[in-house]
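**Student:** Residue numbers (this note's numbering): 196 to 539. Think of the CB as a built atom: it goes at the ideal place given N, C-alpha and C, for glycine as much as any other residue. Please read all numbers here as calculations on a predicted model, not as lab measurements.
(1) Short check: CB of residue 219 to CB of residue 230, under 8 Å?
(2) Taking residue 336 as the reference, give the member of 279, 288 and 501 with the closest Cα.
(3) What residue ranges within the segment 344-398 form continuous alpha helix (DSSP H) runs of no fewer than 4 residues, ordered along the chain?
(4) Taking the alpha-carbon positions, what's the residue 328 to residue 288 distance?
(5) By DSSP's criteria, residue 474 is part of a beta bridge. Which residues make up the other side?
(6) Between the Cα of residue 439 and those of 314, 408, 449 and 465, spot the shortest distance and give me the residue it belongs to.
(7) Which residues share a DSSP beta bridge with residue 500?
(8) Taking all protein chains shown into account, do 16 or more other C-beta atoms lie within 10 angstroms of the C-beta of residue 343, making it buried, or fewer, making it exposed?
(9) Quick check: what's the CA-CA separation for residue 348 versus residue 277?
(10) Report the CB separation of residue 380 from residue 485 in whole angstroms; it is logged as a contact under 8 Å.
(11) Can you tell me where the alpha helix (DSSP H) with residue 329 in it begins and where it stops?
(12) Just to confirm before moving on: does the CB-CB distance between residue 480 and residue 487 stay below 8 Å?
(13) What distance in whole Å lies between the Cβ atoms of residue 297 and residue 526, which are believed to be in contact at a cut-off of 8 Å?
(14) How many Å lie between residue 386 and residue 411 at the Cα?
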């Protein structure tokens with residue numbers, strides 16, 4: 196089965212369990228670290244979402260988008276960034292469906308999906324192909340940052356540490372606490388700039404996911420190669436981390452991220468800015484007042500104006516987005532079923 200296996204590869208713990216801290220401490224502590232990370236992250240942002248909802252409903256009453264009256268949009272994303280997001284959506288959905296089908300192979304829905312895809316063997320192949328697509332999207336984005344964005348900002352230093360940096364700053368910390376106080380009516384809503392703290396978290400979650408899920412996935416895919424210089428038991432640890440981190444990513448994207456970007460009342464039924472590349476001026480003024488004022492003060496508003504997409508393209512975008520949202524919701528239901536009802 197493993198023609199390239201070495202002595203280290205034989206160190207893989209075939210019948211190991213994460214339930215025994217004395218016999219398998221690495222597996223035990225890896226499992227509980229990932230479990231605490233998963234539950235903690237989803238709980239923290241779940242509470243954040245529940246606190247946000249009443250305020251979001253108030254904003255919706257005050258502000259109603261009138262897309263039929265839009266004469267132009269204010270560009271926020273390039274065409275490359277929009278296309279990269281589309282391919283990321285496709286690859287992530289494929290990874291989620293195939294990965295969870297393998298993880299929860301004991302459930303009836305996983306059996307049905309695997310049969311539709313051609314069996315668990317084919318499901319695994321699709322999973323790996325989707326991973327390659329995700330890696331391509333990631334490295335294309337990195338290339339775009341280094342080549343194009345560096346020119347746009349003037350230098351790599353300004354890109355990383357400048358006004359519109361995606362790196363977390365003290366301002367993000369202040370805006371986070373001000374936002375929490377705003378939820379309780381104790382402060383005014385922060386004057387958000389180009390990027391909010393939750394957008395930065397979503398952004399770097401991709402980097403974290405690629406690093407953790409990607410590296411452990413490669414270890415499982417090329418286990419013979421990696422065990423030439425790594426101990427075999429690391430494959431066991433990689434299995435736990437890859438599985439639980441992927442579960443965290445899937446749960447977060449299809450619940451918290453969906454709310455932040457599409458389902459909060461002032462954005463409902465969906466925010467298409469990542470697909471169209473732009474959003475209405477009034478929406479920018481409401482959503483990101485500091486960014487709006489900056490464009491006005493610097494005389495950049497005209498430069499960033501763009502024509503709305505034709506109706507047929509908007510229709511295609513909405514069909515794609517609704518399909519992605521629907522699949523995400525079904526995946527969450529499948530996860531809940533697998534983790535609660537399948538053991539009964």
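**Tutor:** In short:
(1) Counted from its first residue, the chain shown places residue 219 at position 24. Counted from its first residue, the chain shown places residue 230 at position 35. The answer is no: Cβ separation not under 8 Å.
(2) Reading the chain shown from its first residue, position 141 is the one you call residue 336. Minimum Cα distance to residue 336 is reached at 279.
(3) Counting only runs of 4 or more, we get 345-348, 351-356 and 365-378.
(4) Your numbering for residue 328 matches position 133 in the chain shown. Your numbering for residue 288 matches position 93 in the chain shown. Distance from the CA atom of residue 328 to the CA atom of residue 288, rounded to whole angstroms, is 12 Å.
(5) Working through the chain shown from its first residue, we reach residue 474 at position 279. 269, per the DSSP bridge assignment.
(6) Taking the chain shown and counting its residues from 1, one reaches residue 439 at position 244. It is 408.
(7) On the chain shown, residue 500 is found 305 positions in, with the first residue counted as 1. Answer is 269.
(8) Counted from its first residue, the chain shown places residue 343 at position 148. With fewer than 16 other Cβ atoms within 10 Å, it is exposed.
(9) Sequence index remark: in the chain shown, residue 348 carries index 153 (1-based). Sequence index remark: in the chain shown, residue 277 carries index 82 (1-based). Cα-Cα distance, rounded: 20 Å.
(10) Your numbering for residue 380 matches position 185 in the chain shown. Your numbering for residue 485 matches position 290 in the chain shown. In fact, because the Cβ distance is near 22 Å, the residues do not count as touching under 8 Å.
(11) Here the question's residue 329 lines up with position 134 in the chain shown. 315-339 is the span of the alpha helix (DSSP H), which, as asked, contains residue 329.
(12) What you label residue 480 is simply residue 285 of the chain shown in a count that begins at 1. What you label residue 487 is simply residue 292 of the chain shown in a count that begins at 1. Yes.
(13) In the chain shown, the residue the question calls residue 526 occupies position 331. In the chain shown, the residue the question calls residue 297 occupies position 102. No, residue 526 and residue 297 are not in contact; Cβ-Cβ is about 14 Å, not under 8 Å.
(14) Start at 1 with the first residue of the chain shown, and residue 386 comes out as number 191. Start at 1 with the first residue of the chain shown, and residue 411 comes out as number 216. So the two alpha carbons sit approximately 40 Å from each other.
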